[in-house]
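Numbering (the UniProt record's numbering), first residue to last: 1 to 310. Ideal placement from N, C-alpha and C gives every residue a C-beta, glycine not left out. Everything on this sheet refers to the single structure shown next.
Written out as structure tokens, the structure reads:
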């Protein structure tokens, strides 16, 4: 266990690529574990605060595993960029969880992590006890993807993390007016690593190639059949108030398709909410506790209102 409260675990994908995970809390815990899956270019660092809160909960401490996909964080880069594919990442996650001894969990998926969660529901439904989808749904807005494509693989080379935080604030402040200076610093820490004495993006720049191949002028296919795979499990859907990837209309349609779906709106944040503000962390903790107890999770459609800590 590091001083930061987690163990770094390296496992091997079926094709031999090295994959990394952060493992928080007691592995022997009998409580329902939580698995955290990050966004397209993001990694396990993004979940550090949430993972610590859940792993060290005063009443219900539990194991939390946050994974790095291939080409992100401390996982190895893939020499074949076409392998940066959700279907392959689903297989990687299954292999990682098998190696980590996780048989069933609550999955917290941010953006692409939500797509991977839906893929897991189709490939191995027994893995998923419940799910939290963070700013992602079966209808993805092209304008959000266009914005994401504009910066993937094109990040500047800041000299310091403070410079990196300033850069993110400059390009994203309008969508994230609620963020404080510390939040921008956290975002920067998950975006860059030190290589050869310099800061470099914490992901393989080749991740831009699958995005570049998308025709965003044409209508994007919807993912309702994939979303239906989560119909049998409790579901908490989180949306950033200023999200350009998940619309209120799509969230309404998700609630109609999944009658037990819970909604949580994070005020003053866009795509995707950082999941480190206290009300959102408490809401996730309460949701996981209710799932663990086998309770019918009470319907609560709320906008950033503090939920009781379970």
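Local conformation of residue i per DSSP, three classes
i           : result
residue 314 : Residue 314 lies beyond the range of the chain shown here (1 to 310); nothing can be said about it.
residue 325 : With the chain running from 1 to 310 in the structure shown, residue 325 is simply not present.
residue 82  : helix
residue 162 : helix
residue 225 : helix
residue 113 : helix
residue 282 : helix
residue 234 : coil
residue 128 : strand
residue 270 : coil
residue 72  : strand
residue 181 : helix
residue 194 : strand
residue 66  : strand
residue 93  : helix
residue 169 : helix
residue 176 : coil
Element boundaries [alpha helix (DSSP H), containing residue i]
i           : result
residue 248 : 248 to 257
residue 146 : 142 to 149
residue 49  : 48 to 55
residue 154 : Residue 154 -> no alpha helix (DSSP H), and no H or E assigned at all.
Buried versus exposed call for residue i [16 or more other C-beta atoms within 10 Å across all chains shown]
i           : result
residue 238 : buried
residue 307 : Here residue 307 scores only 35 on pLDDT, less than 50, and its place in the model should not be relied on; the value that follows carries that caveat. Residue 307 should be labelled buried.
residue 134 : buried
residue 264 : buried
residue 172 : buried
residue 277 : buried
residue 170 : exposed
residue 63  : buried
residue 75  : buried
residue 117 : buried
residue 243 : buried
residue 199 : buried
residue 13  : buried
residue 59  : exposed
residue 144 : buried
Contact set for residue i: own chain, Cβ-Cβ below 8 Å, skip 5 residues either direction
i           : result
residue 168 : 184, 187, 188, 191
residue 120 : 90, 93, 94, 107, 127, 128
residue 39  : 46, 110, 111, 112, 113, 272
residue 291 : 32, 106, 129, 130, 234, 297
Sequence-distant residues of the same chain with beta carbon closer than 7 Å to residue i, five excluded per side
i           : result
residue 231 : 258
residue 141 : 244, 245, 247
residue 122 : 226, 229
Other residues of its chain near residue i: CB distance less than 6 Å, five sequence neighbours each side excluded
i           : result
residue 219 : none
residue 250 : 137, 139
residue 115 : 86
residue 149 : 211
residue 9   : 21, 23
residue 155 : 201
Endpoints, beta strand (DSSP E) assigned at residue i
i           : result
residue 12  : 6 to 12
residue 264 : 262 to 266
residue 198 : 198 to 201
residue 38  : Run containing residue 38: none; DSSP gives neither H nor E here.
### Query
Are at least three pairs of beta-carbons, each pair with one atom in the stretch 117 to 127 and one in the stretch 90 to 98, less than 8 Å apart?
They touch, by the three-pair rule.
### Task
Determine contact between the stretch 61 to 70 and the stretch 170 to 182, defined as no fewer than three beta-carbon pairs at a distance below 8 Å.
Taking 8 Å as the limit for Cβ pairs, the verdict is that the stretch 170 to 182 does not touch the stretch 61 to 70.
### Query
If we count Cβ pairs, one from each stretch, closer than 8 Å, do we get three or more for the stretch 194 to 205 versus the stretch 38 to 57?
A contact exists between the stretch 194 to 205 and the stretch 38 to 57.
### Query
Just checking, does the stretch 276 to 296 make contact with the stretch 50 to 67 on the three C-beta pairs under 8 Å criterion?
Judged by pairs of C-beta atoms under 8 Å, the stretch 276 to 296 touches the stretch 50 to 67, as three or more such pairs exist.
### Message
Whether or not the stretch 4 to 19 and the stretch 29 to 36 are in contact is what I'm after, with contact meaning three or more pairs of Cβ atoms, one per stretch, closer than 8 Å; do they touch?
### Response
No, the stretch 29 to 36 does not touch the stretch 4 to 19.
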